[in-house]
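Plus 63 on top of the position in the sequence shown (first one is 1) and you've got the working numbering.
Here the structure is laid out as structure tokens; the discussion comes afterwards.
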Amino acid sequence: MAKKILISNVLPKEALDLIPKEITVDYHSADAPLPKAELLARLKGKDGLVCHIVSAIDEEVLAAAPTLKVVANVAVGYNNIDVAVARRRGVVVTNTPDVLTETTADFAWALLMAAARRVVEADHFARSGQWQRWQWDLLWGADVHGKTLGILGFGRIGRAVARRASGFDMRVLYHDAVRPEPAVERELRVTYAEPETILREADFVSLHTPLLPKTRHLINERTLRLMKKTAILVNAARGPIVDEAALVRALKEGWIAGAGIDVFEEEPTIHPGLAPLPNVVLAPHIASASRDTRIAMATLAVRNCLAVLDGKPPLTPVP
Ligand code: GLV
64 MAKKILISNV LPKEALDLIP KEITVDYHSA DAPLPKAELL ARLKGKDGLV CHIVSAIDEE
124 VLAAAPTLKV VANVAVGYNN IDVAVARRRG VVVTNTPDVL TETTADFAWA LLMAAARRVV
184 EADHFARSGQ WQRWQWDLLW GADVHGKTLG ILGFGRIGRA VARRASGFDM RVLYHDAVRP
244 EPAVERELRV TYAEPETILR EADFVSLHTP LLPKTRHLIN ERTLRLMKKT AILVNAARGP
304 IVDEAALVRA LKEGWIAGAG IDVFEEEPTI HPGLAPLPNV VLAPHIASAS RDTRIAMATL
364 AVRNCLAVLD GKPPLTPVP
């Protein structure tokens, strides 16, 4: 029988063109998630699902789709999917690692640099008509070169962020639940440290852990207060790793100097305390959003889906 897939969010043509004609495609060509009832109805009888992180694939959704064999997420993070339930039901879950590593690391650095050198404030000032002359004390920021970068979560993206730090002659401290081979530490010129040491010593702290029960609110009032008053926090991982209310207080009351934030606890809502603050750079979850990378993510997700429907192992199953 012809296989059927649901694509629950928009995908580029490059990805859609990979799907053979004999497969029946039910395509919701929007960014917005399908309302739950519609998702349940449209998943009925489908063999595969390709979705964005805005689609919550929970127990109810999986139970409504007993014929489903694969959920292909167009993202490296997969906290929108109940992987345990999927496994129990024999549904393969895939994500899109590797293809977005460098692009996401670039963006973490963009946030770091923008927050350190006050690029967004400078842009607003330059456009505002207030600029009178070259000014000695205008928009002083913090140096990046020669400082200490702390990386919490040392998977692919954390390592790619670390690699970029050598061009800035930085000392790099990292922590991860799994410590890599000494050769990796030597190659990347990084030093393993406990999270508290990193928080106390780093001038920049960049988060690269997945969202797990143990990383939810990893950055909270207590841990923010451990950081240097001059430190800058970068989050291009997942919003709930940071307690946003505590971050607002930290930025307002000067527990830390600044932040660059791409992800939020309740996307697309941003804590109302953040937007008025000049010392935070905000972005709408775009760390992987280069044209090439978004196309690579979409094509990898479709390939994963097709492989499973073809009885083959997926290219990138979630670990
Ligand atoms: C985006 O947030 C991703 O997980 O790929």
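By construction, the Cβ of each residue, glycine as well, lies at the ideal position given by its N, Cα and C atoms.
Scanning its chain for C-beta atoms nearer than 8 Å, with the 5 sequence neighbours on each side dropped, one finds around Ile82 the residues Ile68, Val88, Val365, Leu369, in chain order. With contacts defined by Cβ atoms closer than 8 Å, Ile220 and Tyr237 do not form a contacting pair. The C-alpha of Leu287 lies about 15 Å from the C-alpha of Asn342. In this structure, the CA atom of Thr379 is about 33 Å from the CA atom of Val344. At the C-beta level, Asp145 and Leu131 stay beyond 8 Å of one another. The ligand GLV has no heavy atom closer than 7 Å to the beta-carbon of Gly323. Taking C-alpha positions only, Phe170 is separated from Ser351 by approximately 8 Å. For Phe170, there is no enclosing beta strand (DSSP E); the residue is found in the alpha helix (DSSP H) stretching over 164-180. The three-state secondary structure of Arg151, taken from DSSP, is helix. Beta-carbon to beta-carbon, Leu103 and Ser71 are separated by about 11 Å, too far to satisfy the 8 Å threshold.
Here the alpha carbon of Leu363 sits roughly 44 Å from the alpha carbon of Ser191. In this structure, Asp325 keeps its C-beta atom at 8 Å or more from the C-beta atom of Ile295. The C-beta distance from Ala308 to His334 rounds to 6 Å, short enough to meet the 8 Å contact threshold. Straight-line measurement puts the Cα of Leu163 at about 7 Å from the Cα of Met360. Relative to the ligand GLV, Ala223 has its C-beta separated by 7 Å or more from all heavy atoms. When the Cα atoms are used, Gly302 and Met64 turn out to be separated by approximately 42 Å. Counting every other CB atom within 10 Å of its CB across the protein chains shown gives Asp206 a total below 16, marking it as exposed. For Ala127, the closest C-alpha among the options Val154, Glu248, Ala313 is that of Val154.
At a threshold of 7 Å, Ile120 does not count as near the ligand GLV, since its beta carbon sits no closer than that to any of the ligand's heavy atoms.
Collapsing the DSSP output to three states places Ile261 in a helix.
Contact check for Ala225 against Val241 fails: the beta carbons are separated by 8 Å or more. Closest option to Lys277, judged by alpha-carbon separation, among Thr260, Thr293, Val305: Val305.
Cβ contact annotation for Val297 (same chain, cutoff 6 Å, sequence separation greater than five): Ala171, Leu174, Leu175, Ser269, Gly323, in chain order.
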